[in-house]
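Reminder that position 683 of the sequence shown reads as 685 in the numbering used here, one-by-one numbering, no gaps.
Before any comments, here is the structure.
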Amino acid sequence: MAFTFSAGSLVKARGREWVVLPESEPDLLVLRPLGGSDDDIAAVFPFEPVDEARFAPPEPTDLGDQRAAGLLRTALRVGFRSGAGPFRSLAGIAVEPRAYQLVPLLMALRQKTVRMLISDDVGIGKTVEAGLIASELLAQGEATGLAVLCSPALAEQWQQELRSKFGIDAELVLASTVSRLERGLDLGQSLFDKHPNVIVSTDFIKSPRHRDDFVRHCPDLVIVDEAHTCVTADDTSASAQSQLRHELLRRVAEDADRHLLLVTATPHSGKESAFRNLLGLVKPELAQVNLESEAGRKLLAQHFVARKRADVRQYLTKEDGLADDSLAERTAFPSDRYFKDETYKLSPEYRALLDDAIAYASERVEEAGGQGKREARIAWWSAIALLRSLVSSPRAAAQTLTTRSAAAIAASAEEADKLGAPLNSDAADSDAMEGMDVAPGAETDEASAKSRLAELAELAERATQLEGPEKDLKLKALIKQLKALLADGYNPIVFCRYIPTAKYLAEQLANAPERKKRGPLGAKTVVKAVTGELSPQQRIERIEELATEAGEDAAARRVLIATDCLSEGVNLQHYFDAVVHYDLAWNPTRHDQREGRVDRYGQRRDEVRVITLYGDDNGIDGKVLEVLIKKHRQIKKDLGISVSVPDELSTGVTDAIVEWLLMRGRENQDALFSADAFKVSKEKLENDWNSAAERERTSRSRFAQRSIHPEEVAREVASIREALGGAGEIRTFVRESLGALGAVLRGEGEDFTAQVGGTPAGLRDALASAVGAEVIEKDRAIPFRTDPAVARGEAALVRTDPVVGALASHVLNAALDTQAEGARPARRCGVITTDAVSTRTTLLLVRYRFHLTLPSRHGERQLVAEDARLLAFEGAPRNAVWLPQERAADLLDATASENTDPHFGERTMTRILGQLTDVEEHLRAYGEELAAELDAAHRRVRAASGEIVRGLSVTAQKEADILGAYVYLPATTSVPAGASA
3 MAFTFSAGSL
13 VKARGREWVV
23 LPESEPDLLV
33 LRPLGGSDDD
43 IAAVFPFEPV
53 DEARFAPPEP
63 TDLGDQRAAG
73 LLRTALRVGF
83 RSGAGPFRSL
93 AGIAVEPRAY
103 QLVPLLMALR
113 QKTVRMLISD
123 DVGIGKTVEA
133 GLIASELLAQ
143 GEATGLAVLC
153 SPALAEQWQQ
163 ELRSKFGIDA
173 ELVLASTVSR
183 LERGLDLGQS
193 LFDKHPNVIV
203 STDFIKSPRH
213 RDDFVRHCPD
223 LVIVDEAHTC
233 VTADDTSASA
243 QSQLRHELLR
253 RVAEDADRHL
263 LLVTATPHSG
273 KESAFRNLLG
283 LVKPELAQVN
293 LESEAGRKLL
303 AQHFVARKRA
313 DVRQYLTKED
323 GLADDSLAER
333 TAFPSDRYFK
343 DETYKLSPEY
353 RALLDDAIAY
363 ASERVEEAGG
373 QGKREARIAW
383 WSAIALLRSL
393 VSSPRAAAQT
403 LTTRSAAAIA
413 ASAEEADKLG
423 APLNSDAADS
433 DAMEGMDVAP
443 GAETDEASAK
453 SRLAELAELA
463 ERATQLEGPE
473 KDLKLKALIK
483 QLKALLADGY
493 NPIVFCRYIP
503 TAKYLAEQLA
513 NAPERKKRGP
523 LGAKTVVKAV
533 TGELSPQQRI
543 ERIEELATEA
553 GEDAAARRVL
563 IATDCLSEGV
573 NLQHYFDAVV
583 HYDLAWNPTR
593 HDQREGRVDR
603 YGQRRDEVRV
613 ITLYGDDNGI
623 DGKVLEVLIK
633 KHRQIKKDLG
643 ISVSVPDELS
653 TGVTDAIVEW
663 LLMRGRENQD
673 ALFSADAFKV
683 SKEKLENDWN
693 SAAERERTSR
703 SRFAQRSIHP
713 EEVAREVASI
723 REALGGAGEI
733 RTFVRESLGA
743 LGAVLRGEGE
753 DFTAQVGGTP
763 AGLRDALASA
773 VGAEVIEKDR
783 AIPFRTDPAV
793 ARGEAALVRT
803 DPVVGALASH
813 VLNAALDTQA
823 EGARPARRCG
833 VITTDAVSTR
843 TTLLLVRYRF
853 HLTLPSRHGE
863 RQLVAEDARL
873 LAFEGAPRNA
883 VWLPQERAAD
893 LLDATASENT
903 DPHFGERTMT
913 RILGQLTDVE
923 EHLRAYGEEL
933 AAELDAAHRR
943 VRAASGEIVR
953 GLSVTAQKEA
963 DILGAYVYLP
973 ATTSVPAGAS
983 A
C-alpha cells in the first residue's frame, strides 16, 4: 500500500506526531517529529500504521493567566529549527549573530559562487561571519562539503566553534591524525571523499605529496584562516613554505565553481602587491583591475569587507541613514587599551653577567667572521639567542648557554639563516607558532673546545644563581605590577618569549601548599603556565583548570603565564582582562596579537590594561620599545587598526641594535641613534611603515563596505526578529518561566541569576547538560547575561542558548500535555479581564507550515519550514474585525485589571473555540499572504543573480494549526461570579 501524504502534512505514527518531509516517496515516508530537529528524522515503511493527524484543539478547561499566550509563543519560536525565511540556517545555529555580522552573509548570498575576503578588525568576529556563510550554503544545498585551512594550533578551536555554534561536525586532518584516518578508508578512497567536512592543517597539506590529493577531492566550500600568510609580495623573496602555501591556494581557487572565503585581519601586511595577490585568489581580475576607478571599486565591493570596531560599535542607528534607532545595536567592545611602560634596572650581578656574555658573543662573532660566511651566520644567530635569552630570564639564559644552536648543523650561510631566524626573530608571518618558544641554543661546533664549553658552563652557572626577585630585578618589577593589577580586580596574562622563562615565572609566583610555600601574589591567586610543550587541546584544558581552581570567589584572582603559543587564535576574553609583556617582541605585530586575545568582543572590561616591562640598561629593550613598539601604537591610535611593519625592515633595525651592542657594549647606547647604519635602517623603516599606514588609511575609506546598505540589513534584522524573537522577549520569557517553575531569581536589571534546585526534575536534567551537572546538583546560581558572548557555566539571553532552548522545550511540552505534573507556566487558553481592550478581543497563536522549493546549482531542494504568528480580532468569529499585527502583539503585554470567574471563563472559551471554524478562511488567506512575503524575501536577498531565484516557490500548507486561543474582555462589561454566560 502506497502512502498518499503530501509534504508538510501532519501524521501520527509510533505513538507521536510527525511532519512529512519532501524527501518522501510513495513507498517510504521521511518524517520529522513535530517540534523536533533534523537530528530526529525517521523513515517509515508502508507496513507500519500511519494516520492523518490534526493538531488537537485547545481544551477550554485548561485556562492560563495573562502570561500564558506570550510564554507559549516564545517557547514555540525558540523551538523552531527550520525557519521559513531566506536564511535557512539561523533558526538552527547556537549563536545569535550581531546585525553587522549579517553583512558578509548578505554579500555572499548575492553571488552564484561565493568568493569573499573578510578582513574585519581583530575581535569583531570573523570566525562567526565565515561560519554563518558556511552553515547557510550547506543548509541551502549550495555546498555539499566544507574544508577549513588553518594552522594546526587553531584546528581544534575551529572544530569546536563549528560544532558548538553551527552544528557542523568536521574531522581534523593533521599530521598527528592522518594515519588513523587513512586506516579507515576503502581501497582507492580519499579521506576527503569519506569525510565531507574537514579542518586541515595548512602546513601539513601544502606539501606536494598531500596537496595533489586534496586538490583533486577538495570540497566545494573552502575557508582559509589567516589567509595573508598564504601570499607574498612581488618584490620580496618568499620562503619555500610561503611559496607552497600560495601554490596550494592558487590551485584550490582555480576551480571557478568552488566557494572560497579568505579570512584575515591584516590583508595588506604592509605590501600592496601582497594585497593584490590575495585579491587575485578571490577573483583573478581583481589582481589587475584599477582600484582607483569607480568600476574597480564597485567590483571589489562585491567581494571585500573590512571594518574597524568604530564602524560597528553602534550599528543600525540614525547616523547610518535609518529613520530611527528602533533596531539600533550596540556592541560592547572595550573602549580603549590603557598602556603603561614600566622600566627596571639590572642588579649588579646580572649586569656583570650580561657584560661578560656580550663580550663572549662579540669575540665569537668577530672570530667567526674570518672563517667564512657559514660560520659568521651561525655565530650571529648564536649571539642573538644568547642576548635575547639573557634579557628574558636567568632560567632561559642558563638553558641557552648549555644547548646547541639550531643553526650549528647548517651546511651553508643560507641554511643557517633559515634555521636561526625563526627561533630568534618574531616575524609576523612566520610559518607556524608551534615550537618557536623553545630556548635557542648558543653552543656551536666551533665552540666545542674545552675552554669554550667551560666558559659557557660558567656563565650558565652564574645565571642559575640569579634566580629570584632579590637579584632578578625584572621579576621583582613584575611582582609589583601584578600586585597592582590584582588589587584593582584585574586578571592578567603575562606573555614571555621562551618556555624556560614561563616555567620560571610560574614557579616563582605560584602558591605551593605541598611545600608550604606561599607565593608573593596572595593565597587566593591561582597561577598556571601554558607553553608550546602542551598540545593545543591541553592548553585549553589548562586554562579551564585555572578558571575552575580560582572558582567564583570574588576575592580569587587568575594569573596566566604564557608564551606566544597563545598569541594567536585562542580567545581568552572571558577569563582575563589585562596583558603584561614580560619579554618585548621584536616585531610589534606580535604585541598586538597578544593583546587581541583579551581585547575583543565579549570582554566585559571597558578598559583593557597593557603593561610593558623593559630594561633601562640592558642595551636592547629601550631601543626596541622606542623605535618599534611605540611607533606601532601611534599608528594604531591614528587609524583605529593595526598596520604590520614589514618583517625585513623590523629585522634591519634589531640587527643594527645587536650589532652596535656587540661592537660597543652597553655603554654609550645613546650614540646608537646617531650611528649611520642605524639611522638608515630606522629612516627606511619609518618611511615604508608610514607609506603602508597611508595605504591602509586610503584603502579603508575607499574600499569600505558599501555593497550592502544599512537599510537592507535593518530590513532583514527586523524580519528575523519578527520570526524568531528578540532579546527583550527572551529575557521576559526566561524570568517569568523560571519564576513560575520555582526557581529563585536574583537581580532586577537586565542581567540576573537563577537557582533552579526547586524546579521540576525534568527541567533540571535538561539544564545539567547545558551548564554542567555539578551546577545543578549543588544548586549554584546560573548567571543569565544580556550579552550573548558568555563564559562557560553562564547563559545568554538569546534563543539559541542551550539553557534557553531547554527551558523553552520544557515549557512547550508542559503546555501541550494537560496531564503533565507540576507547574505549567504556558497554557493554550486564557480569558483575561483587562483595561487594554474596549470590546471583546480574541488572540490566536497560529502555526503555519510552508513547502519551499529552493533552486541551487545542485538541483532543486524541497523543504518544509514553520512559522508562528499572532492574529487578533474583535467581536464574534463570524463577524470578526481583524486587527493589525502590531495591535495583536500588544495584547501580550495586557495585564488583568480584575479576576475573571473560572466558570464564566470556561464557558466563554468553549463558545469561542466552537466558532473558530468561521475564521478558517481568513487564516488560509493570511497563510497565502505570508507565503508571498516569504517568496519576495528569498528573491530580495538573492537579488543580484537571476539564476539563484529561477524556480523558487513558497506555498502555505493547509490547514494551519491553532496552538492557542485567548479572550480579552473589557473590564467594564466583565461578568460577576455566578452570572450566566
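Just so it is clear, CB atoms sit at the ideal spot from N, CA and C, and this is done for glycine as well.
Go through its chain and collect everything with a Cβ distance to residue i's Cβ below 6 angstroms, but skip five positions before and after it.
i: Q917; result: P879
i: H248; result: C232, V233
i: A580; result: L487, Y492, P494, R611
i: E173; result: H197, V200
i: R332; result: Q316
i: L403; result: A444, L458, L461, A462
i: A557; result: K526
i: A512; result: G521, V529
i: V746; result: Q757
Looking only at its chain, what residues have a beta carbon closer than 7 angstroms to the beta carbon of residue i, apart from the 5 residues adjacent to it on each side?
i: T6; result: none
i: L664; result: I360, A363, S364, V367, A385
i: S840; result: P972
i: H219; result: S192, F194, D195
i: A255; result: L262, L283
Identify, in the order they occur along the chain, each residue of the same chain with its Cβ nearer than 8 angstroms to the Cβ of residue i, setting aside the five sequence neighbours on each side.
i: S337; result: D608, E609
i: T836; result: Q68, A896, T897, A898, S899, Y970, L971, P972, A973
i: N901; result: T835
i: A933; result: F852, V956, T957, A958
Could you tell me which residues DSSP puts in a beta bridge with residue i?
i: V848; result: R871, I964
i: H593; result: Answer is none; H593 lacks a bridge partner.
i: D338; result: E609
i: D343; result: T614
i: L747; result: A756
i: L33; result: V22, A44
i: K14; result: E19, D53
i: W884; result: F875
i: H583; result: F497, T614
i: L854; result: L865, V956
Quick one, which of the options has its alpha-carbon nearest residue i's?
i: V626; options: L329, T591, L324, I170; result: T591
i: F168; options: D195, W383, E138; result: E138
i: L536; options: L845, P24, A797, K505; result: K505
i: D657; options: L799, L630, R635; result: L630
i: S178; options: E158, D188, R165, L189; result: E158
i: V813; options: L324, R544, I659, A742; result: A742
i: T614; options: Q636, I501, Y584; result: Y584
i: K960; options: Y928, V529, R517; result: Y928
i: D439; options: K476, T503, L468, Q483; result: T503
i: A330; options: R717, L280, T820, R851; result: R717
i: R18; options: L726, V46, S739; result: V46
i: R733; options: V800, T115, L12; result: V800
With a threshold of 8 angstroms between beta-carbons, can residue i be considered close to chain D, or not?
i: L932; result: This model lacks chain D altogether; it includes just one protein chain.
> Which parts of the segment 895 to 963 are runs of the beta strand (DSSP E), unbroken and 3 residues or longer, counting only runs that do not cross its ends?
Replying inline: 898 to 900, 955 to 958
> Could you give the uninterrupted runs of the beta strand (DSSP E) lying entirely in the segment 85 to 127, keeping only those of 3 residues or more?
Replying inline: 117 to 120
>> Using 8 angstroms as the cut-off, can you tell me whether the segment 799 to 810 makes contact with the segment 767 to 775, which would need three or more C-beta pairs spanning the two stretches below that distance?
In response: yes
> Quick check: the segment 97 to 117 against the segment 831 to 841, are there 3 or more CB pairs under 8 angstroms?
Replying inline: no
> What runs of the beta strand (DSSP E), each 3 residues or longer, lie entirely inside the segment 771 to 849?
Replying inline: 784 to 787, 831 to 836
> Do three or more CB pairs link the segment 494 to 506 to the segment 559 to 572 at distances below 8 angstroms?
Replying inline: yes
>> I'd like the ranges of any alpha helix (DSSP H) spanning at least 4 consecutive residues and lying wholly in the segment 40 to 76.
In response: none
>> So within the segment 303 to 333, which uninterrupted alpha helix (DSSP H) runs reach at least 4 residues, ignoring any that extend past its ends?
In response: 311 to 314
> Touching or not, the segment 304 to 321 and the segment 116 to 135, by the rule of three or more beta carbon pairs under 8 angstroms?
Replying inline: yes
>> Ignoring anything shorter than 4 residues, give me the alpha helix (DSSP H) runs that lie fully in the segment 354 to 411, in order along the chain.
In response: 375 to 394, 396 to 403
> Counting pairs of beta carbons, one from the segment 855 to 867 and one from the segment 136 to 151, are three or more of them closer than 8 angstroms?
Replying inline: yes
> For the segment 203 to 221 against the segment 247 to 263, are there 3 or more C-beta pairs whose distance is under 8 angstroms?
Replying inline: yes
> Which residue spans inside the segment 142 to 206 form an unbroken alpha helix (DSSP H) run of at least 4?
Replying inline: 154 to 168, 180 to 185, 193 to 196
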